[in-house]
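Each step along the sequence shown adds one to the number in numbering that gives the first Met the number 0, with nothing skipped, and position 145 is 144. Note that beta-carbon positions come from the ideal geometry of N, C-alpha and C, so glycine has one too. Beneath this line is the structure, given in structure tokens, with notes to follow.
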Amino acid sequence: MGTMLQDEAFHFLRLGTFLERADNTARLVDVKFNAVHGDFFGVDNAHGQEYDFYHWSAILRSVSAFEVYRKVYRDVIKPECVAELLILRPDMPRSLLGCLNEVITNLALVTNDTFSETQRRAGKLRADLQYARIDEILATGLHAFLTQFLDRVNELGAHISREFFGAGDGLSIIFQVAINHMRHRLAMSRL
């Protein structure tokens with residue numbers, strides 16, 4: 000992608016990339032937090048704390064966030080800080096908020112002059128993340144929050160497909176158009 004022409008196809012590809020990344024991060028956080036315990040705060044014995052460190056550091060490493068966590072929090076790995084980093088930090092590229100920022104940036108580059116329903120939905124989802132607090136999310140339930148987020152991201156993908164391609168098949172349409180465009184450019188470059 001580093002040498003790809005930055006035209007509409009490029010921005011649609013980026014749209015799909017960041018929607019999928021947000022979806023993957025939300026699913027990872029949801030599954031891994033529920034895998035430890037219902038309350039996910041671990042146990043008090045030394046073996047439990049050792050397990051927690053390796054569990055949370057593995058999660059952070061899986062999204063290339065271990066070093067970022069150490070730089071931002073400069074503390075032992077705490078589940079609530081992991082959740083905050085992967086959900087609410089705008090400067091973390093794989094966080095839900097970071098992905099939504101990129102979605103909105105790329106959406107603005109492919110829409111016409113009128114403000115679309117898709118942009119409104121993306122902006123509302125971003126605003127909900129921007130003004131959320133991790134303690135409120137955890138108090139109301141992380142699983143419920145992430146389930147709702149996943150539903151909204153999938154709806155956003157479907158809106159993008161309908162608005163730009165006249166289809167309701169979600170992210171697969173976006174990726175198909177971008178892939179077809181890239182194949183066409185590759186074929187043309189070989190001539």
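Whole angstroms are fine: how far does the CA of residue j sit from the CA of residue i?
| i | j | result |
| --- | --- | --- |
| L108 | L149 | 24 Å |
| N100 | F163 | 20 Å |
| R26 | D6 | 30 Å |
| E83 | T110 | 31 Å |
| R13 | D51 | 34 Å |
| F65 | I159 | 33 Å |
| R60 | A126 | 27 Å |
| S63 | K31 | 16 Å |
| S115 | G165 | 14 Å |
| M91 | V71 | 10 Å |
| I58 | P78 | 10 Å |
| H142 | Y130 | 19 Å |
| G140 | P89 | 21 Å |
| V67 | T117 | 31 Å |
| R73 | V28 | 21 Å |
| N246 | T104 | It is not possible to answer for residue 246, since the shown part of the chain is limited to 0 through 190. |
| I133 | L124 | 16 Å |
| A8 | Q147 | 29 Å |
| A157 | G15 | 11 Å |
If you run the structure through DSSP and keep just helix, strand and coil, what is residue i?
| i | result |
| --- | --- |
| D22 | helix |
| G122 | helix |
| D6 | coil |
| A57 | helix |
| Y130 | coil |
| K77 | coil |
| V62 | coil |
| D90 | coil |
| N111 | coil |
| G97 | helix |
| G15 | helix |
| G156 | helix |
Give me the Cβ distance between residue i and residue j, rounded to the nearest whole Å; I'm assuming they're in contact under 8 Å.
| i | j | result |
| --- | --- | --- |
| V152 | D22 | 5 Å |
| I86 | I136 | 7 Å |
| A121 | L145 | Contact doesn't hold; Cβ gap of about 18 Å is too wide. |
| C98 | T24 | 7 Å |
| H10 | V35 | Contact doesn't hold; Cβ gap of about 38 Å is too wide. |
Is the separation between the beta-carbon of residue i and that of residue j shorter than 8 Å?
| i | j | result |
| --- | --- | --- |
| R93 | R20 | yes |
| L96 | L128 | yes |
Any beta carbon of chain B sitting closer than 8 Å to that of residue i?
| i | result |
| --- | --- |
| V28 | The structure shown contains no chain B; it is built from a single protein chain. |
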